[in-house]
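Input: a single structure, listed below in structure tokens.
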């Protein structure tokens, strides 16, 4: 019995963290010159998985009691009875709280940000740490109910959708933080954070599409396709922006 539980815990951690760590390696190595030290990158990743998650839970609970809505953020491929309150929570409250919570972890690496692309790297690192722990929380029920098929599908879905989304949105917000630290461009910093929140909200809107169109059988497929496309394109943008800034820094 104990051995079975340990196996499931290992599966849970692998499913939650391995995809995020793979993306972390890819993104960190996108920078060819003056790469960020792994100690700092993993430190921000760890804070995203712990400190940012804790902050997000606390503030989402507070807003839960204020607005009296479900605390669980609803995604169409996870929910059964979404409603308008859930849509507001998923598309407005969650992006606002979570992007600020992840950005707070990036501020702990302030003295390490000496190039604009560093903000992208550390922002995405915090986002990937956050996504990894969020994956564990979402997959917890699936792995312990014994439904390994559902667990495998969920790992795949979240690894190419929400994990990339968190990395991309936080990377953009982190870039804004880099602009603030290095250029003192407050307007651009605020704009980047708002763009990160908007991207996050748009992703959640696509993932919650049945609230708008009703519980139609193909709505989950449409929502997943659009949400995944947004996440992949955004992640590609963050990588390309990192490459461009990295090359510019050599001249």
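Residue numbers (the working numbering): 1 to 251. Glycine included, C-beta positions come from ideal geometry on N, C-alpha and C.
Would a C-beta distance cut-off of 8 Å place residue 15 and residue 95 closer than the cut-off? By one-based count along the chain shown, residue 15 stands at place 15. By one-based count along the chain shown, residue 95 stands at place 95. No, these two residues do not count as a Cβ contact at 8 Å.
Segment contact, 8 Å Cβ cut-off, at least three pairs: the stretch 148-157 with the stretch 48-65: no
By DSSP, does residue 160 sit in helix, in strand, or in coil? Residue numbering aside, residue 160 sits at position 160 when the chain shown is read from its first letter. Looking at residue 160 - three-state DSSP - the assignment turns out to be coil, as it is neither helix nor strand.
Give me, in chain order, the residues of the same chain whose beta-carbon lies closer than 6 Å to that of residue 127; leave out the 5 immediate sequence neighbours on both sides. One-based indexing of the chain shown puts residue 127 at position 127. Answer for residue 127: 102, 166, 167, 170, listed in chain order.
Go to residue 230, then tell me how far its alpha helix (DSSP H) extends in each direction, as first and last residue. The residue you call residue 230 lines up with position 230 of the chain shown. 219-248 is the span of the alpha helix (DSSP H), which, as asked, contains residue 230.
Is it true that the CB of residue 172 sits closer than 8 Å to the CB of residue 27? By 1-based counting over the chain shown, the position of residue 27 is 27. By 1-based counting over the chain shown, the position of residue 172 is 172. Not closer than 8 Å, so no.
Near residue 191, which residues of its chain fall below 8 Å by C-beta distance, leaving aside the five closest residues on each side in sequence? Residue 191 sits at position 191 when you count from the first residue of the chain shown. Excluding sequence neighbours, residue 191 sits near 176.
Considering only C-alpha positions, which residue in the set 48, 93, 205 is nearest to residue 59? What you label residue 59 is simply residue 59 of the chain shown in a count that begins at 1. Checking every option, the nearest Cα to that of residue 59 belongs to 93.
Closer than 8 Å by C-beta to residue 245: which residues in its own chain qualify, once you throw out the five before and the five after it? Chain order, please. To locate residue 245, count along the chain shown from 1; it is residue 245. Cβ within range, chain order: 115, 116, 117, 120.
The alpha helix (DSSP H) enclosing residue 102, as first and last residue numbers: Locating residue 102 in the chain shown gives position 102, where the first residue counts as 1. Per DSSP, residue 102 belongs to the alpha helix (DSSP H) from 94-107.
Beta-carbon separation of residue 109 and residue 49 under 8 Å? In the chain shown, counting from the first residue as 1, residue 109 sits at position 109. In the chain shown, counting from the first residue as 1, residue 49 sits at position 49. No, Cβ-Cβ distance for residue 109 and residue 49 is not below 8 Å.
I believe residue 180 touches residue 189 by the beta-carbon criterion, under 8 Å. Please report the beta-carbon distance rounded to the nearest angstrom. The sequence position of residue 180 within the chain shown is 180, counting from 1. The sequence position of residue 189 within the chain shown is 189, counting from 1. Correct: roughly 4 Å between the Cβ atoms.
CB-CB under 6 Å to residue 155, same chain, minus the five flanking residues each way: which ones, in chain order? Sequence index remark: in the chain shown, residue 155 carries index 155 (1-based). Around residue 155: 15.
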